[in-house]
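For reference, the structure discussed in these notes is given below.
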Amino acid sequence: MSNLLSGLNPEQLAAVTLPAVPALILAGAGSGKTRVLTTRIAWLMSTGQVSAHGILAVTFTNKASKEMLLRVGAQIPVNARSLWIGTFHGLCNRLLRMHWRDAGLVEAFQIMDSAEQLALIKRLLKALNIDDEKYPPRDLANYINGNKEEGRRPAEVEAWDEYTGMLKQLYEEYERQCRREGVVDFAELLLRCFELLRDNAALREHYQARFRYILVDEFQDTNRLQYKWLKLLGGGGAAVFAVGDDDQSIYAFRGANVGNMRDFEREFKVDTLIRLEQNYRSQGNILDAANVLIAHNRGRLGKNLWTQEAAGEPIRVFEAASDFEEAQFIVEEVRQLNREGRALSDIALLYRSNAQSRVLEHALVQAAVDYRIYGGLRFYERQEIKHALAYLRLIANPDDDNALLRVINFPTRGIGNRTVETLAESARATGTSIWQAACGGGAGRSAASVGRFVLMIEGMRQEAAGLTLPEVVEIALTQSGLLELYRADKEGEERLENLGQLVSAAAVFIKEYEDDITQFLAHASLEAGDHEAAPGTDALQLMTVHAAKGLEFGAVFITGLEEGLFPHDNSASTAEGLEEERRLAYVAITRARQRLYITLAQSRMLHGQTRFSLASRFLNEIPENLLKWLNRGYAPSSAAKPLSSSRPDHGLRVGQNVEHAKFGKGVVVNYDGDGKNVNVQVNFGAQGVKWLILSALLPR
DNA sequence: TCAAAACTGATTTTT
DNA sequence: TCAGTTTTGA
């Protein structure tokens, strides 16, 4: 055990060895958060305070829960089955599978991903003859998910006019349809599990008595429903150990509520708040910059990172004339770093929005620098995989309309749109699934084709009964004609390969978990596979700042540090939005170990137009003594061209820097008029974009 | 039934 | 600008 605890700093040690009371651990970036979490689990078990059976550890991503399990396992022998470590959704799925009857679900309930949820909504609107321009499917999905994440069923939803009344009604219809099909969406997993525990005293007390220790990772990212779920489960006096960092809360837009941290302190009567402020990642200047920047936010729980490391290098700043030039600079610098011996995989290019990657990629391709982008298609999201899974879903639960519609005519088997619509209508009329309608005949002219499809699925189901999961997958691939289809397709080679991998995945699954189709499908829905760089190859890492959270690199480039882009225009108008942008910048800075670059461009191509902007206020918030400007006083180059070739005599130029007595520094975006009456549009960054008369401006 | 043409909207995203 | 979606037309 001394072994287990050795090397921990005093705060880490205090957190790891806390008694069985609710505690909030404020864990700064790079402060050894995961180590504290895993060591606490190992310590609790090795000291005999609790067995694996009594511990529940919750994370947000599969990646995090896998890592946690791995690292606990490295410290102490564990039985992965009795130790419940998983994502909120994964754990709720586990509980609902065990108690499906009490939860009011069908045994083989299927999990819809976001795309499937949207497809179901579109279908619903069509069936109900609702104008999808007045009620956009996306908005409706947000409305439904939003309500579920607040714990509200249709009955609890407020409606005050025709429009909101319709939304409420559609929410009801949506639920009815989900029930008919035996499917649940992601939010439903959480809400249904919450309600199960809330309404079933015996079950609630059972699990409250079982999980005496609950550990939560990334607590600042929890939404209201997840918080309520934790409160319910920990309500029996469990020691809830919440680890989080309010300064790294960057997911408010998807329902994360930082306020949960304060609520937790109050409602769980936390009197042990531990701050992990020693940073083991970044050098001094980088940490200083991060600390000063984040200090501009209000209402923080408060934290100041420090390090034993030296100050290190200053932060390098490069202001380019254009996004193109910014990319050129970065590529040159990356090559230089690489020549100096830094692996490409230890260098990251971070950006606020995905659109920025285009120019960077272009420059990288030209310079033949290997790179990887985070955020492509994941394994289980591939078309051929989705098709294969749809057949498996029909085997497990034929009432799943999404699955049926996806493959009833794929590969094509003479069941056209018309026929499908007839089936859907008759299903609608009788309140059943499309499968039921297909079984009942009445498909008009194409009755024969539909009948063959039904027989094929029935055949698969019967055969599946006696086979192992990988065998069932193979049957589905063969009998559906998917394999044949892709074999005939000269570009189907990669798809065939992926389908082969699906069979392997099924084989791995039954070894690690269970030989059960539904469980495998749940696994596929909850864990769509990762889309990060394939290990092995040394490649430069490109990603959004959001995607970089939790990662670290020797050298980091934060690009596009401009007003309007970072902070983004869409967020800068509210105090909360702006503070979240600042936290995002904080996350970006704290990714770097030794070297940090901040780059910006005076002009940038956006939505097909050249935009001129000023340096980000975040850059101005970093003290000058921490920065090293690589090209201060740089004159705008040819990228800034006059609007018209016939240059007016006032000498104004789009992209020109100007100054205003009240609004300060700005950049000319546009102008209008000639001679004496010239109006100029100026982008003043944080002060906004304004139209002014020329005489109000001074050139700079 | 498919491909071309027209249209639209563009911040961040895991489960 | 450009990618994704929907409409149109042969």
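The first sequence begins at 32 in the working numbering and counts up by one.
Built from N, CA and C at the ideal position, the CB exists for glycine as well.
Closer than 8 Å: residue i CB and nearest the ligand SAH heavy atom
i, result
"arginine 223", "Ligands displayed in this structure: none; no statement on the ligand SAH is therefore possible."
For residue i, the three-state DSSP class (helix, strand or coil)
i, result
"threonine 641", "strand"
"phenylalanine 295", "helix"
"serine 677", "Interpretation of serine 677 is limited by its pLDDT of 39, a score under 50 that renders its predicted location unreliable; no figure is taken from the coordinates."
"histidine 120", "helix"
"tyrosine 382", "strand"
"serine 376", "helix"
"arginine 626", "strand"
"lysine 417", "helix"
"tryptophan 260", "helix"
"threonine 509", "helix"
"phenylalanine 140", "coil"
"tyrosine 402", "strand"
"valine 188", "coil"
"glycine 275", "strand"
"glutamine 309", "strand"
"methionine 597", "Inspection of the sequence shows that residue 597 is occupied by phenylalanine rather than by methionine. Phenylalanine 597: coil per DSSP, three-state reduction."
"alanine 717", "helix"
"threonine 549", "helix"
"arginine 183", "coil"
Proximal residues to residue i (C-beta, below 6 Å), its chain only, five neighbours per side dropped
i, result
"alanine 646", "Leu631"
"alanine 495", "Ile426, Val503"
"alanine 134", "Leu127, Arg223, Leu227"
"tryptophan 466", "Pro429, Asp430, Leu435"
"cysteine 123", "Leu220, Leu221, Cys224"
"leucine 592", "Ile629, Leu631, Ser647, Leu650"
Presumed contact (8 Å Cβ cut-off) between residue i and residue j, rounded CB distance
i, j, result
"alanine 419", "leucine 513", "6 Å"
"leucine 336", "glutamate 308", "6 Å"
"alanine 351", "valine 390", "Not confirmed; about 11 Å, so no contact."
"leucine 658", "isoleucine 346", "5 Å"
"asparagine 310", "serine 62", "6 Å"
Terminal residues of the beta strand (DSSP E) in which residue i lies
i, result
"aspartate 703", "695-703"
"alanine 692", "No beta strand (DSSP E) contains alanine 692, which DSSP labels as neither H nor E."
"leucine 246", "244-247"
"glutamate 350", "346-353"
"arginine 409", "Looking at the DSSP string, arginine 409 is not in any beta strand (DSSP E), and its letter there is neither H nor E."
"glycine 585", "584-589"
"lysine 94", "Lysine 94 -> not in any beta strand (DSSP E); alpha helix (DSSP H) instead, spanning 93-106."
Exposed unless 16 or more other CB atoms sit within 10 angstroms - verdict on residue i
i, result
"leucine 408", "exposed"
"valine 365", "buried"
"arginine 648", "buried"
"valine 271", "buried"
"alanine 507", "buried"
"tryptophan 722", "exposed"
"glutamate 180", "buried"
"lysine 417", "buried"
"asparagine 316", "buried"
"lysine 300", "exposed"
"glutamine 141", "buried"
"alanine 186", "exposed"
"histidine 393", "exposed"
"valine 689", "buried"
"asparagine 291", "buried"
"aspartate 377", "buried"
"proline 53", "buried"
"glutamate 371", "exposed"
"tyrosine 194", "exposed"
"phenylalanine 284", "exposed"
Opening and closing residue of the alpha helix (DSSP H) in which residue i lies
i, result
"threonine 69", "64-77"
"valine 711", "Note, valine 711: premise wrong, no alpha helix (DSSP H); beta strand (DSSP E) at 710-714."
"tyrosine 194", "193-212"
"tryptophan 466", "465-470"
"threonine 453", "448-461"
"lysine 721", "Counting along the chain, lysine 721 falls outside any alpha helix (DSSP H), though it belongs to the beta strand (DSSP E) covering 720-724."
"glutamine 572", "Premise fails: glutamine 572 lies in the beta strand (DSSP E), 571-575, not in any alpha helix (DSSP H)."
"lysine 542", "524-543"
"alanine 321", "315-325"
Nonlocal neighbours in the same chain, by C-beta distance under 7 Å from residue i, ignoring five residues either side
i, result
"alanine 139", "Gly213, Ala427, Asn428, Thr549"
"tyrosine 205", "Ile152, Leu155, Ile175"
"leucine 44", "Leu36"
"valine 362", "Ala394, Leu395, Ala398, Val400"
Own chain partners of residue i with C-beta closer than 8 Å, once the 5 adjacent residues on each side are dropped
i, result
"asparagine 34", "none"
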